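Residue numbers (the UniProt record's numbering): 1 to 702.
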C-alpha cells in the first residue's frame with residue numbers, strides 16, 4: 001500500500017538568499033534516500049516547499065514497507081569451502097554463521113563458475129523494511145548534507161546543544177494520516193506545525209495537518225502561509241503588475257527570488273518618495289531601493305523613474321498606513337545619501353581624479369590603475385584609427401574611463417561604475433562620445449548584453465578587454481577549470497562579439513601584438529599572444545555553435561585560424577550552402593585526400609616552387625581535363641571571392657566534381673618519374689589552394 005508522505009521542519013527565519021538551495025537540497029536528499037531504499041514507486045512525484053520558517057517535501061506513492069528482495073550471496077570459493085573428502089571446512093561453517101545461516105549445509109548451496117574458479121552461492125529472500133527506519137536514515141542524511149552557509153549552535157529547552165542553520169521548533173512526519181515518530185535535532189515528529197507569525201493569533205498559531213495530501217491547502221487556509229516558493233513568487237509578480245498599472249515595474253528575477261524568501265503571505269503596497277530625488281541619476285535610486293531595501297522601482301513607458309515604488313510585505317491589513325509610512329521613512333535616508341554623493345562628486349572633475357588612480361594597485365605585477373589607463377589609452381587610439389574613429393577622443397575616453405572608481409557614489413555602489421562615469425563626464429562638459437565610452441567600454445558585460453553604440457566606445461571596449469587578456473595571461477593567471485578570477489573568458493567573448501557583429505576589419509594577431517607591446521617595460525614580461533589567440537579561437541567555436549552551425553562547418557573555417565572575423569559568418573553560411581550540394585561530399589573527401597598527399601610531399605613541392613603546372617608534362621586524359629577545368633573556373637572563383645561572394649566561390653567548385661573524381665580514378669600521382677610526379681603535385685597544389693580559399697572543405701568529410 002502506498003500513500004503520500006510529508007516531512008516538514010519548522011525553524012526560525014532562514015537566510016533568504018540560501019532558502020531556495022536549502023529547500024531543494026532538503027527535498028532531494030529525502031527523495032534520493034527513499035529511492036535508494038526502494039520505498040518509492042516509479043511514478044512517485046515529489047514537491048519541495050520552503051518558506052522563511054520551514055523546509056518541507058511531500059512525495060506521492062510512498063510504500064509503507066519496501067518490497068522483499070531476492071539476494072544471491074557469494075559464500076566461499078569451492079577450494080576453500082571443501083576439504084579433500086568433499087566435506088565442509090571450518091572456514092565454511094564460520095562464513096555461514098557470519099552471514100546468519102549457521103544451519104545450512106553444502107547441499108543447500110549453489111555451486112557455480114566464478115571467473116576462473118568455482119564458488120558456492122546462496123540465494124535467499126530478504127524481507128522488506130518498514131518506512132520509519134528508512135525514512136529516519138534518509139532524513140538524517142539529507143539534513144547532514146544541506147548547503148548551510150553558516151552553522152548555528154543553540155540550546156534546546158532540555159539543555160542539549162544542537163547545531164543547525166537556525167533553531168528548529170517542530171518536526172512533522174505523516175504517511176497519509178499516520179504520524180511517523182521520527183526524531184531530529186532533539187525533536188519528535190507529530191502532525192502539528194505553526195501558521196503565520198503575524199496573521200494568526202498568538203494562541204491559535206498551531207495548525208494540525210490531517211494528512212500529507214492536504215499540507216499546502218491546510219497551511220494556506222488555516223495558517224495564512226503559502227508553502228510553495230514558486231506560488232509566492234508568482235503571486236508577488238501578479239500583484240506587482242496590478243499595482244504598477246500603466247507604469248513598468250522593475251522586477252529582476254534575483255530580487256523576486258529574495259523577496260519570495262522573506263515572506264510567507266506576500267502583500268504588495270504602494271509607497272512614494274519626494275520628487276526632488278529624481279534629480280539624482282535614476283540608476284542610483286533604483287539600485288539603492290533594490291539592493292538595500294528590496295523595493296521595486298517603477299518607471300513610465302519611456303523608462304523614466306517615477307517617484308512611487310512598490311514594497312512586498314508579510315502582513316495583510318486593511319489599514320496599511322503604518323506599513324507604508326514606515327517604509328517611506330526608511331527609504332528617505334538612503335535616497336538622501338545618494339543625492340549627497342552625487343552632488344559631492346560633481347564638485348570635482350573626472351580629470352582631477354586621475355592622480356588618485358596612480359595610488360590604486362591593479363595588480364602587483366602590472367602596476368596601478370593609472371598605468372593600466374595609459375596602456376588602454378594607447379591601444380584605444382590605435383584601434384580607433386583602424387576602424388575610422390578619432391584616436392584623440394578614444395585616448396581621452398580611455399584615460400577617463402576608470403576615474404569614477406574613486407568617486408563617492410561608486411565607492412558606495414560599485415555596480416554603478418561606468419554608469420556614473422558617463423553622468424560625471426557630461427557634467428564636466430566632455431564630448432558625448434567620451435562620456436558614453438565611460439559606460440560602454442564595459443560592454444558586453446554578459447552573454448546577450450548590448451555592444452557599444454559608438455566608434456569611440458567600441459575602441460575603448462576592445463582596448464580594455466585586450467589589455468586585460470594579454471596582461472593577466474602573461475603573469476600566469478590564465479583560466480583553469482572553473483577558475484577565472486579576472487573574467488578572461490568573458491573578455492574574450494566580448495572582443496569576438498564586437499569583431500563579428502560590428503564586422504570590424506581588424507586583425508586578431510595585430511591587436512594582440514599591439515597589446516603585448518604595451519607591456520614591454522614590465523619586468524619579465526613574456527608575450528602570450530599565441531596562447532591568447534588559441535584561447536580566443538576556442539571561444540569562437542562556442543559562439544558559432546550557439547548560432548546553429550555544425551561542428552564540421554565551424555572547423556572548416558576556424559581550423560584555418562582566420563585573422564579577421566568580419567566575414568566569418570558569411571563564410572560559414574557559404575560552407576553551409578556548399579555542404580547541401582550533392583557534389584560536396586565527393587569534393588570534401590577529395591580535398592582531404594589532397595591535403596594528406598601534399599603534407600607528405602612538402603619537400604617536393606618546395607623544390608617545384610612557384611613554377612606551377614607544366615602543361616607539356618600532362619600525359620593522362622584525366623589530368624589534362626582537370627588542369628583545363630581548373631584554368632577555366634579560376635577567373636570565376638577569383639571574381640566571386642574578391643567580391644565577397646563566398647557562396648558563389650564554393651558553388652563554382654561543384655563544377656570540378658567529375659574531373660576531380662576522374663583524376664583520382666585514373667591518375668597515379670606518385671609516379672616513378674620525378675618530373676611527372678612533381679607536376680601532378682603542382683596541379684593538386686593549385687586545386688587545393690582554390691578549394692580552400694573560403695574554408696577548409698576537407699573538414700566537412702570528418
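A virtual CB, placed ideally from N, CA and C, is assigned to each residue, including glycine. From a predicted model like this one, the values you see are computed outputs, not experimental measurements.
{"Check": "Could you tell me the distance, in whole angstroms, from the CA atom of residue 656 to the CA atom of residue 623?", "Outcome": "12 Å"}
{"Check": "If we ignore side chains and look at the alpha-carbon of each, how far apart do residue 93 and residue 115 end up?", "Outcome": "23 Å"}
{"Check": "Measure the CB-CB distance between residue 444 and residue 436 and report whether it falls below 8 Å.", "Outcome": "no"}
{"Check": "Where does residue 124 sit, in a helix, a strand or coil, going by DSSP?", "Outcome": "strand"}
{"Check": "Which residues in the same chain as residue 87 place their Cβ atom closer than 8 Å to its Cβ, once the five residues preceding and following it in sequence are excluded?", "Outcome": "106"}
{"Check": "According to the neighbour-count rule (16 or more other Cβ atoms, all chains shown, within 10 Å of its Cβ), is residue 181 buried or exposed?", "Outcome": "exposed"}
{"Check": "Run the CB neighbour count on residue 594, radius 10 Å, all protein chains shown included, and call it buried at 16 or more, exposed below.", "Outcome": "buried"}
{"Check": "Does the Cβ-Cβ distance between residue 440 and residue 376 come in under 8 Å?", "Outcome": "no"}
{"Check": "When you compare each of 177, 265, 164 and 659 to residue 62 by their alpha carbons, which one comes out closest?", "Outcome": "177"}
{"Check": "Closer than 8 Å is the cut-off here; do at least three beta carbon pairs connect the segment 235-251 with the segment 273-282?", "Outcome": "no"}
{"Check": "Considering Cα atoms alone, identify which of 603, 162, 175 and 158 is closest to residue 131.", "Outcome": "175"}
{"Check": "Residue 430: which of 401, 412, 250 and 560 sits nearest, CA to CA?", "Outcome": "401"}
{"Check": "What beta strand (DSSP E) runs, 3 residues minimum, are completely inside the segment 169-239?", "Outcome": "192-194 and 206-208"}
{"Check": "Out of curiosity, what's the CA-to-CA distance linking residue 385 and residue 442?", "Outcome": "20 Å"}
{"Check": "Give the range of the beta strand (DSSP E) segment to which residue 362 is assigned.", "Outcome": "361-363"}
{"Check": "Span of the beta strand (DSSP E) holding residue 385?", "Outcome": "Careful: residue 385 lies outside any beta strand (DSSP E), inside the alpha helix (DSSP H) at 369-386."}
{"Check": "According to the neighbour-count rule (16 or more other Cβ atoms, all chains shown, within 10 Å of its Cβ), is residue 404 buried or exposed?", "Outcome": "buried"}
{"Check": "What do you reckon, are the CB atoms on residue 693 and residue 649 nearer than 8 Å?", "Outcome": "yes"}
{"Check": "With DSSP as the reference, label residue 163 as helix, strand or coil.", "Outcome": "strand"}
{"Check": "State the start and end residues of the unbroken beta strand (DSSP E) segment that holds residue 305.", "Outcome": "305-313"}
{"Check": "Can you list, in chain order, the residues of its chain with a C-beta nearer than 7 Å to that of residue 491? Leave out the 5 residues immediately preceding and following it.", "Outcome": "465, 468 and 469"}
{"Check": "How long is the line joining the alpha carbons of residue 49 and residue 23, rounded to whole angstroms?", "Outcome": "6 Å"}
{"Check": "Please confirm if residue 376 has its CB atom under 8 Å from at least one CB of chain B.", "Outcome": "Structure shown: chain B not included; a single protein chain is present."}
{"Check": "Could you check the C-alpha separation between residue 511 and residue 309 for me, to the nearest Å?", "Outcome": "47 Å"}
{"Check": "Give me the Cα-Cα distance between residue 519 and residue 458, rounded to the nearest whole angstrom.", "Outcome": "22 Å"}
{"Check": "Could you tell me which of 54, 40 and 51 sits nearest to residue 66, measuring between CA atoms?", "Outcome": "40"}
{"Check": "In chain order, what residues of the same chain have a beta carbon less than 8 Å from the beta carbon of residue 290, not counting five sequence neighbours either side?", "Outcome": "250, 252, 255, 296 and 297"}
{"Check": "Need the endpoints of the alpha helix (DSSP H) that residue 274 sits in, please.", "Outcome": "Per DSSP, residue 274 belongs to no alpha helix (DSSP H) and is neither H nor E."}
{"Check": "Just to confirm the assignment, what range does the alpha helix (DSSP H) spanning residue 80 have?", "Outcome": "78-81"}
{"Check": "Compare the C-alpha of residue 391 against each of 460, 453 and 340 and name the closest.", "Outcome": "460"}
{"Check": "Helix, strand or coil for residue 580 per DSSP?", "Outcome": "coil"}
{"Check": "How is the alpha helix (DSSP H) around residue 155 delimited, first residue to last?", "Outcome": "From DSSP, residue 155 is part of no alpha helix (DSSP H) but of the beta strand (DSSP E) over 152-155."}
{"Check": "Quick one, which of 125, 696, 206 and 628 has its alpha-carbon nearest residue 587's?", "Outcome": "696"}
{"Check": "For residue 113, name the three-state secondary structure that DSSP assigns.", "Outcome": "strand"}
{"Check": "Is the number of C-beta pairs between the segment 322-332 and the segment 481-495 that are closer than 8 Å three or more?", "Outcome": "no"}
{"Check": "Which one of 560, 522 and 523 has the shortest CA to CA distance from residue 534?", "Outcome": "560"}
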